[in-house]
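All remarks here apply to the structure that follows.
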Amino acid sequence: MRWTKAKLRDLQDRLGKAYPDAKCALDHGDPFELVVATILSAQCTDARVNLTTPALFAKYPDAAALASAKLPELEALIHSTGFYHNKARNLIGLGQALLAKHGGKVPSDPAELEALPGVGQKTANVVLANAFGVPALAVDTHIFRVARRLGLSDAKTPEKVEADLCRRFPESAWIELHHQLIFHGRRRCDARKPDCAGCPVLGLCDVGRGKAADPHSGLTLTSRSAPATPPPGPRAEEKLPARRKAPQAEPATPPPLRIISLVPSVTELLAQWNLAARLVGRTRYCIAPKWIRATVPEVGGTKDPNLARIKDLKPDLVILERDENKKTTADALTKLGIPWLALEVRSLEGCAAAWEELGGRLGVGPVAKARAAALRAQLKKKQKQGPRTLTLIWQRPWMSAGPDTYLGDLVRQAGFSPIGPPRWTELSEAALKALAPEVILLPTEPFRFTKRHVNELQKRFPEAAIHLLDGQAMTWYLSRTEEGLALLRGLPKT
Ligand code: SF4
Numbered sequence: 370m371r372w373t374k375a376k377l378r379d380l381q382d383r384l385g386k387a388y389p390d391a392k393c394a395l396d397h398g399d400p401f402e403l404v405v406a407t408i409l410s411a412q413c414t415d416a417r418v419n420l421t422t423p424a425l426f427a428k429y430p431d432a433a434a435l436a437s438a439k440l441p442e443l444e445a446l447i448h449s450t451g452f453y454h455n456k457a458r459n460l461i462g463l464g465q466a467l468l469a470k471h472g473g474k475v476p477s478d479p480a481e482l483e484a485l486p487g488v489g490q491k492t493a494n495v496v497l498a499n500a501f502g503v504p505a506l507a508v509d510t511h512i513f514r515v516a517r518r519l520g521l522s523d524a525k526t527p528e529k530v531e532a533d534l535c536r537r538f539p540e541s542a543w544i545e546l547h548h549q550l551i552f553h554g555r556r557r558c559d560a561r562k563p564d565c566a567g568c569p570v571l572g573l574c575d576v577g578r579g580k581a582a583d584p585h586s587g588l589t590l591t592s593r594s595a596p597a598t599p600p601p602g603p604r605a606e607e608k609l610p611a612r613r614k615a616p617q618a619e620p621a622t623p624p625p626l627r628i629i630s631l632v633p634s635v636t637e638l639l640a641q642w643n644l645a646a647r648l649v650g651r652t653r654y655c656i657a658p659k660w661i662r663a664t665v666p667e668v669g670g671t672k673d674p675n676l677a678r679i680k681d682l683k684p685d686l687v688i689l690e691r692d693e694n695k696k697t698t699a700d701a702l703t704k705l706g707i708p709w710l711a712l713e714v715r716s717l718e719g720c721a722a723a724w725e726e727l728g729g730r731l732g733v734g735p736v737a738k739a740r741a742a743a744l745r746a747q748l749k750k751k752q753k754q755g756p757r758t759l760t761l762i763w764q765r766p767w768m769s770a771g772p773d774t775y776l777g778d779l780v781r782q783a784g785f786s787p788i789g790p791p792r793w794t795e796l797s798e799a800a801l802k803a804l805a806p807e808v809i810l811l812p813t814e815p816f817r818f819t820k821r822h823v824n825e826l827q828k829r830f831p832e833a834a835i836h837l838l839d840g841q842a843m844t845w846y847l848s849r850t851e852e853g854l855a856l857l858r859g860l861p862k863t
């Protein structure tokens, strides 16, 4: 493709129409939060960073707080973003440098920014563009891949690709283009399976039309394009399958390309693994990440999915979870000949195993295994006896999550002793009183517990410590497991 000015303008128009919502995906309120979030985003998804930063910014709201942070405490908070030793050291160094040289403020000068610990050219450009509106075009892994596939650059390093892009496009377009190319890389021009057939810039892309080899893989994309009919999935079984003990090997068949998720936290997990482009359906409760609501069609609820709509979407895999979804749904899918996979997550080890199983099936085994290994490294085999802790999940009637549930194990792994009947059980007033908990946890999901419930329970259990907690962090297994564990580990034990 010879890129003329007219074609470059056409490309900008198409990207603008396709991604009108393109913007910085890192949640931040000021330049300090942005520079911290950008440092954390190295080798980590923005979604995961966004799960980590609320607690981080609550504890370290400014450079002074960060400068005096204790390394182990900071590491524990950012553990799930990976490379946490280096990142924690850089963040403390960042806080100290901002205090010492810039009065605690983030500088808007590129050279001064790049001189800060943990801040390279890419991070500096992200901060300059998004915090100060200074034209800059940071090249991340998505832009690097997309720019080379589109033939906008044939350079081998992000710095040189950035220079090529900046030469081709007017300065006024850099910030917008940066976000649009990232959105395009995430949603359409996937590293392994770009959706060329549905790509808004296919007419401008020689690689997508099979006229040039993909510089990312060295292959021609037409040889790897999606099959017209879904690849054969495993035979659907009569019963929800028991969780496998060992991780599955990578599939010999191509991974599924048209996935429907009937589990909200799995939908979020797929986005974290950059697989959202393969999602063709989700339940109405799949609300994270937010943009998924505008881009992926709804197929009903978790307990009552619309099977006709699912059938119309021609999925090659429907993902279920044994406690979240009903067996009748799996039976109906079997009758329709639609492949499905039922995960089982009743403990943190179950969560690690489910990551591996799902990752293997979807062709992202290494990512899943790395996450599972990082979680397992945090798990304690022998638990000390902690305070007797009751997790309530509903009121009228009271209902608790038992020690044998995912929530029970989360509580146990955080150093508390979960109590209550098994599974999710209704509790009479007498049964609740007889449990005599020392700690009561009230997640804000699935029941919307509030301070009023804390006060009400405090009158009945004046000695107990009662905590109102972020329900999504606690109950969204698989996508927020590390966040939930960190949240509970941060609670006082006495
Ligand atoms: S046509 Fe394919 S390779 Fe080209 S930009 Fe679009 S998705 Fe990427």
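370 is the number of the first residue of the sequence shown in our numbering; add one for each residue after it. Even for Gly, the Cβ is constructed at its ideal location relative to N, Cα and C.
>> Rounding to the nearest angstrom, what Cα-Cα distance links Q764 and E693 in this structure?
In response: Going by the C-alpha atoms only, they are around 19 angstroms apart.
>> Assuming G650 is part of the alpha helix (DSSP H), what are its boundary residues?
In response: Note, G650: premise wrong, no alpha helix (DSSP H); beta strand (DSSP E) at L648 to R651.
>> Quick check: is any heavy atom of ligand 1 less than 6 angstroms from the C-beta of V508?
In response: V508: no, Cβ never under 6 angstroms from ligand 1.
>> Contact defined as beta carbons within less than 8 angstroms: I believe A699 pairs with L689. What is the distance between those atoms, to the nearest angstrom?
In response: A Cβ-Cβ distance of about 6 angstroms is found for the pair A699 and L689, placing them in contact under the 8 angstroms criterion.
> Is V570 near ligand 1, judged by its Cβ being under 6 angstroms from some heavy atom?
Replying inline: V570 has its Cβ nearer than 6 angstroms to a heavy atom of ligand 1.
>> I'd like to confirm the pairing. Which residues does DSSP put opposite M768 in its beta bridges?
In response: W763 and E795, per the DSSP bridge assignment.
> In three-state DSSP terms, what is S634?
Replying inline: In the three-state DSSP reduction, S634 falls in the helix class (H, G or I).
>> Please state the DSSP three-state secondary structure of W543.
In response: Here W543 sits in helix by DSSP.
> Helix or strand or just coil, what does DSSP make of L446?
Replying inline: In the three-state reduction of the DSSP assignment, L446 falls in the helix class, which pools H, G and I.
> Quick one: is the Cβ of C574 within less than 6 angstroms of any heavy atom of ligand 1?
Replying inline: Taking 6 angstroms as the cut-off, one finds at least one heavy atom of ligand 1 near enough to the beta carbon of C574.
> Which value, in whole angstroms, describes the spacing of the CA atoms of L377 and A406?
Replying inline: If I take the Cα positions, the gap works out to 32 angstroms.
>> So, at 7 angstroms on beta carbons, what are the nonlocal neighbours of L380 in its own chain, with the 5 sequence-adjacent residues on each side left out?
In response: Only V570 and L573 meet the Cβ criterion.
>> Taking the beta carbon of G567 as the centre, do at least 16 other beta carbons fall within 10 Å, making it buried, or is it exposed?
In response: Per the 10 Å Cβ criterion, exposed.
> If D564 sits next to R557, beta carbons under 8 angstroms apart, how far is it from one beta carbon to the other, in whole angstroms?
Replying inline: 5 angstroms between Cβ atoms; contact.
> Are the beta-carbon atoms of V808 and P756 separated by less than 7 angstroms?
Replying inline: Taking 7 angstroms as the Cβ cut-off, V808 and P756 qualify as a contacting pair.
> From which residue to which residue does the beta strand (DSSP E) around P812 run?
Replying inline: It spans V808 to P812 - the beta strand (DSSP E) in which P812 sits, taken as one unbroken run.
> Among all the DSSP beta bridges, which residues are the ones paired with H836?
Replying inline: As computed with DSSP, H836 is found in a beta bridge with L810.
> Expressed to the nearest angstrom, what Euclidean distance is found between the alpha-carbon atoms of R417 and L443?
Replying inline: Annotation: R417 to L443 spans about 16 angstroms, alpha carbon to alpha carbon.
>> For a test of the three-state rule: what should DSSP assign to I679, helix, strand or coil?
In response: It is helical.
> What does P787 pair with, by DSSP beta-bridge criteria?
Replying inline: Answer by DSSP bridge pairing, in chain order: T758.
>> Could you compute how far the alpha carbon of E725 sits from the alpha carbon of S477?
In response: Computed Cα separation, rounded: 43 angstroms.
> Which runs of the alpha helix (DSSP H), 4 residues or longer, sit entirely within the region 698-733?
Replying inline: Taken in chain order, the complete alpha helix (DSSP H) segments of 4 residues or longer contained in the region 698-733 are 717-731.
> Considering only C-alpha positions, which residue in the set Q641, W372 and E545 is nearest to S410?
Replying inline: Measuring from the Cα of S410, the nearest candidate turns out to be Q641.
> Quick one: what's got a C-beta closer than 6 angstroms to V589's C-beta in the same chain, skipping five residues either side?
Replying inline: It is Thr, not Val, that sits at residue 589 in the sequence shown. If we look at T589 and ignore the five residues flanking it on each side, its Cβ neighbours are G579 and A582.
>> By the DSSP assignment, the alpha helix (DSSP H) with V515 in it spans what residues?
In response: That run of the alpha helix (DSSP H) goes T510 to R518.
>> For the structure I just gave you, are there three or more beta carbon pairs, one from the region 388-405 and one from the region 482-500, closer than 8 angstroms?
In response: The region 388-405 is in contact with the region 482-500.
> Who are D674's beta bridge partners in DSSP?
Replying inline: It is worth fixing the name first, because residue 674 is Pro in this sequence and not Asp. DSSP output for P674 lists G669 as bridge partner(s).
> Measuring from the CB of P708, is there a heavy atom of ligand 1 at a distance below 6 angstroms?
Replying inline: False, no ligand heavy atom lies under 6 angstroms from that Cβ.
> Among E851, W793 and V488, which residue has its Cα nearest to the Cα of P815?
Replying inline: Looking at the Cα atoms, W793 is the closest of the given residues.
> What's the C-alpha gap between A741 and P658?
Replying inline: Distance between the alpha carbons of A741 and P658: 22 angstroms.
> Rounded to the nearest angstrom, how far is the Cβ of P684 from that of V649, given a contact under 8 angstroms?
Replying inline: Their Cβ separation, rounded to whole angstroms, is 6 angstroms, which keeps P684 and V649 in contact under 8 angstroms.
>> Does the region 816-825 come into contact with the region 784-799, if we say contact requires no fewer than three beta-carbon pairs (one atom in each stretch) closer than 8 angstroms?
In response: The region 816-825, when compared against the region 784-799, does not touch it at the 8 angstroms Cβ threshold.
> Since V687 is in the beta strand (DSSP E), which residue starts that stretch and which ends it?
Replying inline: In the DSSP annotation of this structure, the continuous segment of the beta strand (DSSP E) that includes V687 starts and ends at L686 to E690.
> By Cβ distance below 8 angstroms, which residues in the same chain neighbour I656 in space, the five residues on each side in sequence not counted?
Replying inline: If we look at I656 and ignore the five residues flanking it on each side, its Cβ neighbours are P633 and R662.
>> Taking its Cβ as the centre, do 16 or more other Cβ atoms sit within 10 Å of S437, making it buried, or is it exposed?
In response: It counts as exposed.
>> Taking contact to mean 3 or more Cβ pairs, one atom from each stretch, closer than 8 angstroms, check whether the region 442-461 and the region 528-542 are in contact.
In response: No, they do not touch.
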